[in-house]
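Reviewing the structure listed below.
There are 2 protein chains.
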Amino acid sequence: MARNIRTREGGRREEIATAAARLFREKGFSGTGMRDLAGSVGIEAASLYNHIDSKAGLLREICFRIADDCSTHLRDLEATPGLDSLRRLESITRFHVRMWIERLDEVLVATNEFRSLEEPWLEKFLHERRIYMRQVEGIISQGIREGLVRPLEPYVVVLTIMSAVRGIEFWHRSRKNVSAASLEESMVDLIVNGIRNDTDGTSDTHGPALP
Amino acid sequence: MARNIRTREGGRREEIATAAARLFREKGFSGTGMRDLAGSVGIEAASLYNHIDSKAGLLREICFRIADDCSTHLRDLEATPGLDSLRRLESITRFHVRMWIERLDEVLVATNEFRSLEEPWLEKFLHERRIYMRQVEGIISQGIREGLVRPLEPYVVVLTIMSAVRGIEFWHRSRKNVSAASLEESMVDLIVNGIRNDTDGTSDTHGPALP
DNA sequence: CAATCCCGCTAACAGTCGTTAGTGCGGATA
DNA sequence: TATCCGCACTAACGACTGTTAGCGGGATTG
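In structure tokens, the structure reads:
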């Protein structure tokens with residue numbers, strides 16, 4: 578058990594958690610050693626245990642912080658009146674884009690490394706994610722019924738929205754000339770409106786099937 | 578060095594490579610032990626080395642097979658005459674969708690675990706990926722110039738297309754009631770046309786910014 | 001000033017890692 | 001029949017894994 582539970586300011590602990598998120602992202606959970614983590618905050622491996630309980634606990638913290646933030650946003654959004662389902666979808670998309678822009682390390686760990694969670698946490702995490710996706714799927718179905726959203730397979734739409742934002746990982750590496758604000762707008766716009774230019778009103782999706 | 582280089586049929590070797598792809602996907606490269614891999618093909622860990630060179634070699638094989646298949650498809654596509662840039666983009670999207678549907682293990686390893694490649698392979702892999710994305714970006718830019726593609730940030734469009742298909746990973750777990758064919762059509766349609774229903778011709782993207 | 005406690009350290013643990021060496025069985029080859 | 005070779009085995013290697021025990025210095029508290 579970590580000894581400094583009652584520490585007045587957990588500055589060191591937060592520093593460790595931040596470094597863990599970065600390392601878990603870069604090298605994976607099982608690819609990251611406690612000696613790596615310790616070195617990245619300038620202490621010895623054993624000293625980490627003055628601040629944390631275990632390596633698994635660090636992963637758990639990161640994963641569930643992200644999961645909680647997602648479900649909190651969704652709950653707030655559903656409590657907001659006066660929004661049609663398309664606007665709700667846009668808000669959800671925008672929320673995910675911002676998470677990926679502002680908290681890449683944590684989000685990537687929660688997305689890629691959650692599988693290293695131990696039971697019963699793994700099951701709990703998967704359960705919460707399933708609930709979340711099901712709720713978003715409900716909003717999409719509603720949008721389709723209302724005629725605001727194109728009549729696509731709702732399940733596929735959830736998958737696509739929640740995956741499309743993962744492209745931001747690349748952006749983070751090679752910033753190019755695209756600002757965060759421009760990235761956000763382009764990506765939300767792209768998901769909502771697609772890539773095809775429809776100014777001429779043509780509704781034909783595409784020609785014959787391609788290889 | 579593996580002893581069976583001159584084996585007439587490398588059935589066992591292929592079996593190992595397939596099992597490796599599945600394990601690397603499920604548990605990550607560094608989370609997978611040679612004893613896990615050996616057990617999954619029914620032999621002892623040391624016996625693996627009658628067929629393969631090293632664990633790192635297995636990863637290298639998987640990653641570069643996928644990379645090669647991608648660049649081959651792109652080369653073939655560019656050699657195909659009579660396709661406008663929107664159709665080319667659709668073909669690229671469809672190709673990625675199919676790869677994710679039919680070869681999930683390998684594709685996921687190449688996408689998530691490539692970071693465990695050793696130099697100089699890691700750099701080579703990243704280089705090839707950069708080249709590939711730049712070529713696709715070129716097609717998008719051309720589509721925008723021709724008025725076939727909406728005037729979005731081309732870089733963001735590449736990122737989004739190549740990431741959106743990752744949603745197929747979820748689909749693989751919980752098949753739900755969506756067939757592979759329906760998934761492919763929905764996803765290509767979604768990326769090309771977006772989620773918004775534009776039958777009324779309204780071109781206003783969205784209202785005021787949302788939280 | 002004395003007592004407490006945070007927090008770094010070294011040493012060590014039991015276990016696992018990828019990999020090599022060497023052995024022997026069984027079928028194909030000469 | 002004698003020889004070879006593919007392929008599985010056991011045993012073992014040095015390095016590395018997450019974690020615990022215990023020590024001591026320095027700041028904080030009574």
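Protein chains in written order, with this note's numbering: chain A, 578 to 788; chain B, 578 to 788.
Idealized CB from N, CA, C, for every residue including glycine.
Everything numeric in this text was worked out from a predicted model, so none of it was measured.
What does residue i touch in chain A if you count any residue whose Cβ is under 8 Å from its own?
i                      : result
residue 729 of chain B : 763, 766, 767, 772
What does residue i reach in chain A if we use C-beta pairs closer than 7 Å?
i                      : result
residue 739 of chain B : 744
residue 689 of chain B : 689
residue 755 of chain B : 730, 732, 733
Which chain B residues are close to residue i, counting only those with a beta carbon under 9 Å from its beta carbon?
i                      : result
residue 600 of chain A : Per Cβ cutoff of 9 Å: no residues; residue 600 of chain A is ~12 Å from chain B at best.
residue 748 of chain A : 732, 733, 736
residue 634 of chain A : Result: empty, since nearest Cβ-Cβ is about 18 Å, beyond 9 Å.
residue 608 of chain A : 605, 606, 607, 608, 692, 693
residue 759 of chain A : 730, 733
Within this structure, are the beta carbons of residue i and residue j separated by less than 8 Å?
i                      : j                      : result
residue 592 of chain B : residue 662 of chain B : no
residue 648 of chain A : residue 709 of chain A : yes
residue 558 of chain A : residue 615 of chain A : Nothing in the structure corresponds to residue 558 of chain A, since chain A is present only between 578 and 788.
residue 703 of chain B : residue 766 of chain A : no
residue 650 of chain A : residue 589 of chain A : no
residue 742 of chain B : residue 674 of chain B : yes
residue 769 of chain A : residue 667 of chain A : yes
residue 707 of chain A : residue 644 of chain A : no
residue 678 of chain B : residue 721 of chain B : no
residue 694 of chain A : residue 654 of chain A : no
residue 669 of chain A : residue 713 of chain A : yes
How would you list, in chain order, the residues of chain A whose beta-carbon sits under 9 Å from the beta-carbon of residue i?
i                      : result
residue 686 of chain B : Residues of chain A passing the Cβ test: none, with the nearest at roughly 12 Å.
Under 7 Å: does the beta carbon of residue i sit that close to some heavy atom of the ligand SAM?
i                      : result
residue 657 of chain B : No copy of the ligand SAM appears in this structure; indeed no ligand is present at all.
Does the structure place the stretch 729 to 745 of chain B close enough to the stretch 708 to 717 of chain B that three or more beta carbon pairs sit under 8 Å?
yes
Using a Cβ distance threshold of 8 Å, determine whether the stretch 752 to 764 of chain A contacts the stretch 750 to 763 of chain B, with at least three qualifying pairs required.
no
Measuring CB atoms only, is the stretch 595 to 605 of chain A touching the stretch 682 to 701 of chain A, in the sense that at least three cross pairs come out at less than 8 Å?
yes
Below 8 Å, how does it come out for the stretch 687 to 703 of chain A and the stretch 603 to 622 of chain A: are there three or more Cβ pairs, yes or no?
yes
Secondary structure, alpha helix (DSSP H): runs of 4+ residues fully inside the stretch 609 to 696 of chain A
611 to 618, 632 to 655, 662 to 679, 681 to 689
Do the stretch 629 to 644 of chain A and the stretch 696 to 706 of chain A make contact, defined as three or more Cβ pairs closer than 8 Å?
yes
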